[in-house]
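**Student:** Residue numbers (the numbering used here): 1048 to 1269.
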Amino acid sequence: MVKLRIVLGLVALTILVGCRNDMHDQPRFKPLAQSDFYADLRSSRAPVEGTVARGDLREDSYFYTGKIGANPGDYMPAEVPVNEETLERGRERFNIYCAPCHSRVGDGNGMLPQRGYRHPPSYHQDRLRKAPLGYFFDVITNGFGAMPDYASQIPPDDRWKIVAYIRALQLSQNATAADAAGHPIPSAPPRFEEPGSGATLPVQLPQTNETGERENVSGAHQ
Ligand code: HEC
């Protein structure tokens, strides 16, 4: 008899526990499901007009667009100082994101165009040499013709660093003897500690000038 009571008790307990459905079965919509509750049949409400996502206020519109009003500006935003670090980062990002098409020197003969992609113009033509900095920022942000935009891959900060590096590239491909400030022209061919295997980059030896002095070259990894 005692046994039977225990068994019945357990059965009752199991049933009662099974009946607990506090929040398991609440009235709610699956995300983006249809609903006839609202006139537009959408269960999800659109954000109030003018809603700004946290951290997305973008008060400094030049930093995010490269434009002053409708026109590209020709200065670097205050957030991105032009120094060696910026140019280094710009070079690294450029070689990753742009060089496959534009090539490492920016002449437009990257690997993709060599394999049939539309040929980009050289950065070293007058029109693009004179183009304002904000123009390059805008092309990266919104794309241009056959070129896709890189807004989702490259954050604004890095886009500006790439822009600064492109200007440096343009200078490097259009420099005069005076710009070289006493360096031999043409410069001595690079010498390598490690030639690189295709999977690894070559490791360059520090360059020396005629007197055997080390020149200030920081390209050991390029
Ligand atoms: C997939 C190949 C590809 C990549 C990657 C690419 N571009 Fe381009 N780019 C092009 C092509 C193609 C054009 C020419 C588009 C046209 O005229 O329709 C172009 C044009 C341009 C122009 C010239 C616009 C003009 O006024 O003629 C600039 C500046 C430029 N790209 C910058 C960049 C930068 C900076 C990057 C890296 C963030 C980049 N591109 C990455 C293919 C590419």
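Quick reminder that beta carbons are idealized off the backbone N, C-alpha and C, glycines included.
#1: Given 8 Å as the limit, is there contact between the segment 1102-1121 and the segment 1145-1163, that is, 3 or more CB pairs closer than that?
#2: Based on DSSP bridge pairs, tell me the residues matched to residue 1114.
#3: Output needed for residue 1247: all residues of its chain with C-beta closer than 8 Å, excluding positions within five of it in sequence on either side, in chain order.
#4: Determine the closest residue to residue 1154 out of 1172, 1138, 1140 and 1163, with distance taken between C-alpha atoms.
#5: Whole-angstrom Cβ separation of residue 1069 and residue 1127, contact assumed at under 8 Å?
#6: Please report the distance separating the alpha-carbon of residue 1092 from that of residue 1085.
#7: Determine, using beta carbons only, whether residue 1110 and residue 1124 come nearer to each other than 8 Å.
#8: Rounded to whole angstroms, what is the Cα-Cα separation between residue 1082 and residue 1106?
#9: Please find out if some non-hydrogen atom of the ligand HEC comes closer than 7 Å to the beta-carbon of residue 1197.
#10: Is the segment 1183-1191 close to the segment 1209-1229, with three or more CB pairs under 8 Å?
#11: Hey, how far is the Cα of residue 1206 from the Cα of residue 1102?
#12: Among 1076, 1144, 1192 and 1210, which residue has its Cα nearest to the Cα of residue 1134?
#13: How would you call residue 1192, buried or exposed, if buried means at least 16 neighbouring beta carbons within 10 angstroms?
#14: Pull up the distance between the alpha-carbon of residue 1136 and that of residue 1179, whole angstroms please.
#15: Express the C-alpha separation of residue 1078 and residue 1267 in angstroms, rounding to a whole number.
#16: Please report the distance separating the alpha-carbon of residue 1218 from that of residue 1099.
**Tutor:** On the basis of the coordinates in this document:
#1: Cβ pair count under 8 Å is below three, so no.
#2: 1119, per the DSSP bridge assignment.
#3: Taken in chain order, the residues that qualify are 1241.
#4: Residue 1154 has its Cα closest to that of 1172, out of 1172, 1138, 1140 and 1163.
#5: Their Cβ separation, rounded to whole angstroms, is 54 Å, which puts residue 1069 and residue 1127 out of contact at 8 Å.
#6: Computed Cα separation, rounded: 9 Å.
#7: The answer is yes: Cβ separation under 8 Å.
#8: Each residue's CA atom was taken as its position, placing residue 1082 and residue 1106 some 37 Å apart.
#9: At a cut-off of 7 Å, the beta-carbon of residue 1197 counts as near the ligand HEC: some heavy atom of the ligand is closer than that.
#10: Result yes; three or more Cβ-Cβ pairs closer than 8 Å.
#11: Straight across, the Cα-Cα distance linking residue 1206 with residue 1102 is about 19 Å.
#12: For the set 1076, 1144, 1192 and 1210, the Cα lying nearest the Cα of residue 1134 is the one of 1210.
#13: Burial state of residue 1192 is exposed, judged by a 10 Å Cβ sphere holding fewer than 16 other Cβ atoms.
#14: Each residue's Cα considered, the two are about 20 Å apart.
#15: The predicted model places residue 1267 with a pLDDT of 41, which falls under 50 and marks its position as unreliable, so this point remains unresolved.
#16: Our two residues, residue 1218 and residue 1099, have alpha carbons roughly 40 Å apart in a direct line.
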